[in-house]
Structures are given as structure tokens and as C-alpha cells.
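Numbering (our numbering), first residue to last: 258 to 472.
All C-beta atoms in this analysis are idealised placements derived from N, C-alpha and C, irrespective of residue type, glycine included.
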Ligand code: AMP
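Below, the structure written as C-alpha cells:
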């Protein structure tokens, strides 16, 4: 198979970026680079980065651009990125987008389009197993027994930043800092907007119907 394009996924929190990024990465055998996951791991491990990240994340605010760029630059240097990658969670500001260009050439930006009310509904219902990391949703993908992981029987948790107040703040942060990237990438003619409504598989089909193979 030929290489995949170097892809950035954009969209408000709750648009399904994480899920779609994982599916694209699987399909094309490229890494998914999720800055949110990198930060959550650091929080879990209690590193210095984690301590700095936790406060920002719990308020629904962004971490400093320079710090995020250092993290992503290190990650993009690893050899698994040479046949393409999916970036999920960065850039989140125009400054990050400009810095990213200095590190690597992005071929395509896929923006998942979902309305705000839908996003709040999706995020507020999201649950995660703290042990095996299986993901659930109280409405769309409920576990067999309420609030218990199907796989390992552990009580499910909500991400700290999925509380409604924090969700509203993450959306505000998105509108203010990240949404301008749509215009930014549109001007560069690499933006593709897809409808994020419907089933996970339908959204995935819309994404792979874009030409993601590199020639
Ligand atoms: P996510 O899982 O992508 O929704 O990210 C969770 C949180 O991590 C965000 O709400 C931010 O606090 C932080 N974060 C992730 N990526 C970035 C980034 N590129 N720039 C600044 N903060 C970020």
C-alpha cells in the first residue's frame, strides 16, 4: 500500500475525532498522535508535564503553544511517522499551525462538522473504563450493566473534563482559538469538511472517501 497523506483532524470536542483518528490509523497502518492522550498519560503517571497539564485540562483551557509544539515535534521525529500519520488534537491555535508547518508538511486537514448541542450530549454521556480504557456512552453505546465495564467489570468513570461546566468552557476555547483554523486551512486549499452526524461507521466512510492515499 502506498503511504497515507499526513493528516490533521479538526473539529470541536465531542465531534468524534478520537474515534475516527483511531479508525483511520488502523485502516492505513499509520500512527495516531493524540495530544490529549499524551497529556492524560502524563497526568496519570504524575510527571511534571502531567502536573502542569492537569489544571489546564480540568478548566477546559489550552496548554501553552510552545510546550505543545515541543511534545509534538519529539513525537513526529519517531520513525513510525514516515509513512503518514493522523494528528488528533493539534494544532489548536493558528500559532501552533504555523509552527507545525516548520516541522512537517501537512497534506490534508479533515474537519468533522457537528453542532454544539449534539456535542454536549455526546460528551456528557461519555464513560471510560479506568482500567482497560474501553469507551462507552450512556445513550449510544451503553454497557450491559449500567456504569460497569463489559470487559473487566470495573466501575466506569467520566473524564474530569467531560463535566458539563467544563464542556461549555472547552467549546468556548474551541470557538475562540481553534475554529479560526478552518479559515486558515481553507485558504491553503487543504481543508475538507465532512458531516459528523450519524453512526461512527458512516462518518468513517465519509472520511475514507476523501482521497487519503499519497501518490
Ligand atoms: P483532547 O483530548 O484533544 O480533547 O484534549 C484534552 C485537553 O488537553 C484539552 O482540553 C487541552 O486542555 C489539552 N490539549 C490537547 N491538545 C492541545 C493542544 N494542541 N494545545 C493546547 N492544549 C491541548
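Residue i (DSSP reduced to helix, strand or coil)
i	result
residue 412	strand
residue 398	strand
residue 346	coil
residue 392	strand
residue 446	coil
residue 470	strand
residue 320	coil
residue 354	helix
residue 361	coil
residue 380	helix
residue 278	helix
residue 368	strand
residue 264	strand
residue 385	strand
residue 452	strand
Exposed unless 16 or more other CB atoms sit within 10 angstroms - verdict on residue i
i	result
residue 304	exposed
residue 329	buried
residue 285	buried
residue 356	buried
residue 341	buried
residue 380	buried
residue 297	buried
residue 468	exposed
residue 457	exposed
residue 470	exposed
residue 337	exposed
residue 262	buried
residue 403	exposed
residue 264	buried
Cβ separation of residue i and residue j, assumed to be a contact under 8 angstroms, to the nearest whole Å
i	j	result
residue 431	residue 288	Incorrect: roughly 24 angstroms between the Cβ atoms, too far for contact.
residue 348	residue 439	Rounded, the Cβ-Cβ distance is 12 angstroms, inconsistent with contact.
residue 333	residue 361	6 angstroms
residue 290	residue 343	7 angstroms
residue 292	residue 326	Actually they are not in contact, since the Cβ atoms of residue 292 and residue 326 sit about 10 angstroms apart, beyond 8 angstroms.
Residue closest to residue i, alpha-carbon to alpha-carbon, out of the options
i	options	result
residue 275	309, 295, 374, 340	295
residue 383	301, 350, 439, 406	406
residue 282	266, 293, 272	266
residue 301	416, 402, 364	416
residue 322	465, 445, 435	435
residue 397	455, 461, 325, 466	455
residue 339	378, 260, 401	260
residue 272	299, 443, 378	378
Would you be able to state if there are at least three C-beta pairs under 8 angstroms between the region 367-375 and the region 318-325? Short answer: they don't touch.
For the region 308-315 against the region 415-430, do three or more pairs of beta-carbon atoms, one drawn from each stretch, fall closer than 8 angstroms, so that the two count as touching? Taking a contact to require three or more Cβ pairs closer than 8 angstroms, the region 308-315 and the region 415-430 qualify as touching.
Does the count of Cβ pairs from the region 404-415 and the region 449-456 closer than 8 angstroms reach three? Segments in contact, no.
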